[in-house]
Amino acid sequence: MHHLLPLLVAVPLLGAALLVAVGHRLPRIAAEITGFVVSGATAALALVLLLNSSPPMVEWVGGWLPVGGESVGIVVVGDGPALGMAALVSLLTLAALAYSWRYFEEPPRGHRGAFTALMLAFQGAMCGFAIAGDLFNAFVFFELMSVTAYALTGYRIDDAKAVQGALTFGVVNSLGAYAMLLGIGLLYARTGELSMAKIGRGLDAAAGHGGPDALVLASFVLVLTGLLVKAAAVPFHFWLPDAHAVAPTPVCMLLSGVMVELGVYGVWRVYGTVFAGPGGIPAADLTRALVTLGTLTAATAAVMCWYQRHIKRLLAYSTVAHTGLFLVGIGVLTPEGDDGVALYIIGHAGVKAALFACAGVLLDRYGSVDEHTLHGRARELRTTAVLFAVGALGLAGLPPFGVALGKAVTEEAVGGPLTAVYVAASAITAGAVLRVTARVFLGLGPRPQDADSDLETSGAGEEPETAGLLSRIPDTMTTVPALLLAAAFAVGVGPGFGDLVARSVNEAGSGGAHASVHWTLPGVLLGLASTALAVALGGLAVTRPHWTTAPDWARPLRRLQSGHVGDYVAWLLMGATVLGALALPGVLGG
Amino acid sequence: MNRLRLVLLAVGGTGLAALLVAACLGLPGFGGRSHPYGARAVHASLTRHTANTIASVNFDQRAYDTLGEMSILFAAVLGCVVLLRQARDEHRAQPQPAEVARPVRRYALIVLPVALVTGLYVVAHGQLSPGGGFQGGVVAATALHLLYLGADYRALERVRPLAVFETSDALAVSTYLVLGAAGVLAGTSFLANTLLPYGTFNTLSSGGTVPLLNAAVGMEVASAVVVLLANFLDQAVEIEEEHGS
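Line by line, the protein sequences give chains A and B. Sequential numbering of the first sequence, starting at 44, is according to my numbering. Sequential numbering of the second sequence, starting at 3, is according to my numbering.
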């Protein structure tokens with residue numbers, strides 16, 4: 044069974060290559076069916092492997108089994124989290140491809156199937172990153188994932204903003220990748236190893252009784268910088284809203300639903316395997332770094348989310364806010380925290396992808412994703428309105444959605460005042476989405492006034508992604524979000540699903556300690572509280588429109604999102620320095 | 003904003019630089035004798051009769067990384083094809099032939115076949131001597147472009163039917179993947195180099211699947227570079243923005 048692990052990468056890549064080779068000779072429908080079959084087959088493979096992942100599988104690609112504990116080959120891991128992410132990636136790719144069924148106006152001339160091929164390559168890259176057990180191999184798939192994502196983001200070249208967003212995305216993420224490679228170089232110089240587990244053991248052996256030194260700290264900072272750029276943690280997050288605002292909707296579903304979360308997963312995997320030993324970064328330092336950055340991320344993004352009128356940017360900021368919550372959850376380094384974040388990520392993927400799918404419907408029906416100009420215009424889209432509202436409630440953490448279960452478990456793990464961060468961030472972001480629902484789909488409240496500000500991105504006058512504005516919404520564009528929401532719901536109510544996820548996560552990490560995951564009264568009450576708060580915020584915003592005009596104190600924060608790549612790069616350097624400063628005490632103390 | 007950027011850059015840059023300098027002091031000394039990975043890689047390469055250890059690392063020991071790397075090139079080229087396509091407000095103009103200085107033309111036409119053969123040689127001997135699919139592929143692909151320098155753009159277009167190169171790019175990636183999957187079908191690992199005989203050390207057919215994977219990468223790189231350059235040249239030479247529309 045373990046020999047099949049690399050096929051999670053090979054199958055989608057082969058599909059992509061074949062689509063490029065013969066795609067221009069195929070009718071469009073055949074190219075799209077090929078995309079379905081390939082991504083579906085990969086999803087099936089991932090699920091089958093996932094069901095067989097206890098005890099965790101390990102595969103040495105090329106059959107380079109270790110001899111005397113040493114191997115020259117590449118190790119691939121098939122444990123619960125790795126295969127779970129691969130399955131999530133594949134199912135979401137399938138959903139995105141179904142959503143974009145006969146969707147784009149015209150594929151590039153002579154390159155029919157190029158979009159599907161890029162999506163499949165993206166899927167293969169994300170699967171490869173998820174199952175990587177070798178740090179350099181993880182970097183290779185990190186890069187493949189980035190390259191395909193840049194191209195997919197800039198896909199609509201006729202819009203200058205799309206090219207600009209993709210370029211920003213490319214510059215910032217490539218810098219993150221270089222930082223990661225530099226970090227891998229340092230680790231290799233110290234240990235002579237590339238497999239994550241062997242690097243970890245090498246660091247412990249090299250440290251002896253001395254604890255970590257500057258080289259370990261630097262490699263930790265550099266590797267984490269790369270991963271946190273992908274995870275869009277503050278202050279590495281600036282690329283994300285700019286890219287999400289312009290990327291085609293199916294691509295947004297993947298970027299927000301699972302690619303960003305892979306950054307969080309990477310942090311979890313790398314810390315747990317490489318830096319968790321006595322020669323690595325002490326637990327207290329990791330907790331300080333991740334909880335600080337995570338809280339900052341959640342707070343900043345929640346504020347930014349609330350003051351957006353561009354619906355896709357609003358959703359993008361809500362993703363950033365939730366990533367902050369994920370980082371806090373894995374940062375506390377408890378088995379419960381890991382389990383909670385795993386469930387949270389699964390539930391969030393379904394809900395967020397569904398919300399983006401609904402935003403795409405607005406874009407293709409009205410040529411706008413602007414909350415102000417669309418006020419009351421989408422009354423006719425009843426189904427989409429229901430889906431959008433349900434998605435907003437799911438995002439808030441209404442029990443029994445999967446998001447709520449994951450959030451409740453994480454809240455219990457982090458405890459104390461951090462619980463308030465969870466409730467507030469999810470209530471504010473969901474409140475913003477509910478406000479959009481009320482204004483755009485129901486036409487409630489007075490029509491909001493356009494603020495006299497140079498900081499607004501309106502989202503009006505956008506090009507639809509279909510051939511002309513849609514007069515009727517195709518069934519796929521409502522079925523897919525409905526199914527995604529149903530899946531997010533099932534994560535919460537499926538009997539034993541939470542425990543299953545918890546068991547497979549704990550088997551792979553957390554030192555084998557098993558935590559039990561189930562609904563608790565405080566968890567349900569907190570979920571209800573954040574939902575009620577979200578509804579209240581949404582209601583207040585609709586009845587008192589000046590609540591959504593950005594106050595003066597938010598101006599500097601909004602100004603930071605300048606669209607200038609140079610600013611983002613400066614923030615990236617600053618972020619790396621801050622990360623180093625946050626983790627420094629452990630090194631000095633050692 | 004400008005000032006804030008400079009301040010951030012100064013503080014962030016200084017912090018990171020300090021960290022890197024401190025880290026470099028912890029690096030092993032230059033020219034040490036301990037190369038744990040290197041020693042293992044050379045040993046592994048010799049047991050499989052691959053004379054060039056680099057080729058053994060690239061196409062045998064860490065062939066899975068190479069799969070990722072060739073896919074990066076493949077995806078990057080596909081991405082360029084998509085991003086550099088003719089936009090709605092652009093049209094194609096026929097490039098005008100330009101006068102080429104006689105020595106340039108003569109030199110280019112003499113060097114072209116030499117460079118092409120050199121590229122193919124570097125690909126073919128990847129498992130024996132320095133070089134291989136990546137390097138040789140680039141040499142072969144750029145050789146064709148001497149025609150652009152020596153003659154003109156239309157001459158180049160005649161020798162590189164783009165559709166053919168795009169297809170061969172994709173087929174090369176497929177070949178690599180199928181060779182890898184053959185290992186799984188045979189009941190061993192993905193990309194396992196155990197299916198073919200290892201041959202006589204230091205001959206063209208030595209190393210098992212190494213020469214085949216190497217050739218696939220050579221074909222992929224050559225095709226990909228041709229397609230990539232073609233797309234950029236198209237932007238520079240043929241595609242023009244429409245004015246006044």
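Here a beta-carbon is modelled for each residue, glycine too, at the ideal position from N, C-alpha and C.
Contact under 8 Å by Cβ, residue i with residue j
i, j, result
"B/V181", "B/T211", "This sequence places Leu at residue 181 of chain B; Val is not what is there. Yes, the pair counts as a contact, with Cβ atoms nearer than the cut-off."
"A/F281", "A/V214", "no"
"B/G152", "B/V227", "no"
"A/E455", "A/T563", "yes"
"A/F431", "A/G535", "no"
"A/L93", "A/L134", "no"
"A/V403", "A/T292", "It should be pointed out that residue 403 of chain A corresponds to Gly in this sequence rather than to Val. In this structure, A/T292 lies closer than 8 Å to A/G403 by Cβ."
"A/L600", "A/V346", "yes"
"A/M302", "A/M188", "yes"
"B/A232", "B/D154", "no"
"A/A551", "A/D122", "yes"
Other residues of its chain near residue i: CB distance less than 7 Å, five sequence neighbours each side excluded
i, result
"A/H353", "A288, V412, D413, T500, S501, G502"
"A/W590", "L583, A584"
"B/A95", "E240, E242"
"B/S247", "The pLDDT assigned to B/S247 is 39, lower than 50, so where the model puts this residue is not dependable; a value taken from the coordinates is nonetheless given after this. Result list for B/S247: D91, in chain order."
Segment limits, beta strand (DSSP E) that includes residue i
i, result
"B/R5", "Careful: B/R5 lies outside any beta strand (DSSP E), inside the alpha helix (DSSP H) at 4-27."
"B/I241", "241-243"
"A/M100", "100-104"
"B/R94", "92-94"
"A/I117", "117-121"
Residue interval of the alpha helix (DSSP H) (run including residue i)
i, result
"B/E71", "65-85"
"A/R425", "425-439"
"B/V125", "104-126"
"B/G139", "135-146"
"A/V457", "445-457"
"A/P293", "292-297"
"A/F165", "157-174"
"A/I516", "First-last for A/I516: undefined, no H or E at that position."
Cβ-Cβ separation, residue j to residue i (assumed contact under 8 Å), whole Å
i, j, result
"A/V429", "A/L438", "About 15 Å separates the two Cβ atoms, so there is no contact after all."
"B/A43", "B/S58", "7 Å"
"B/V124", "B/G138", "3 Å"
"A/L271", "A/G226", "Actually they do not touch by this definition, with Cβ atoms about 12 Å apart."
"B/L158", "B/L114", "Incorrect: roughly 11 Å between the Cβ atoms, too far for contact."
"A/A341", "A/V464", "6 Å"
"A/V483", "A/H391", "Not confirmed; about 22 Å, so no contact."
"A/L61", "B/S176", "6 Å"
"A/L448", "A/L398", "Wrong, their Cβ atoms sit about 19 Å apart, outside the cutoff."
"B/T169", "A/A275", "Rounded, the Cβ-Cβ distance is 37 Å, inconsistent with contact."
Contact set for residue i: own chain, Cβ-Cβ below 6 Å, skip 5 residues either direction
i, result
"B/A117", "A145"
"A/V334", "V371, G374"
"B/L235", "none"
"B/Q88", "I241"
"A/E102", "H45, L48, V119"
"A/P378", "N549, S553, A556, A558"
"B/V79", "A226, V229, L230"
"A/T236", "Sequence inspection shows Glu at residue 236 of chain A; the Thr mentioned does not correspond to that position. I242, G245."
"A/V294", "L195"
"B/L10", "none"
Beta-carbon proximity list for residue i, same chain, < 8 Å, skipping 5 on both sides
i, result
"A/M617", "P278"
"A/P594", "none"
"B/A172", "F76"
"B/A238", "none"
"A/T338", "G367, V371, L461, V464"
"A/L569", "G440, K450, A451, E454, T462, Y465, V466"
Within 8 Å, do at least three Cβ pairs link the region 97-113 of chain B to the region 178-198 of chain A? no
contact_flag[the region 62-70 of chain B, the region 208-224 of chain B] where n(CB pairs < 8 Å) is 3 or more: yes
Cβ pair count under 8 Å reaching 3, the region 50-61 of chain A against the region 160-173 of chain A: yes
Taking 8 Å as the cut-off, does the region 117-133 of chain B touch the region 192-211 of chain B (at least 3 CB pairs, one atom from each stretch)? yes
Any chance the region 83-90 of chain A sits against the region 7-15 of chain B, with 3 or more Cβ pairs inside 8 Å? no
Does the region 361-369 of chain A touch the region 505-518 of chain A, meaning 3 or more C-beta pairs lie closer than 8 Å? no
Between the region 619-629 of chain A and the region 259-266 of chain A, are three or more C-beta pairs nearer than 8 Å? yes
Counting pairs of Cβ atoms below 8 Å between the region 310-327 of chain A and the region 520-532 of chain A, do you hit three or more? no
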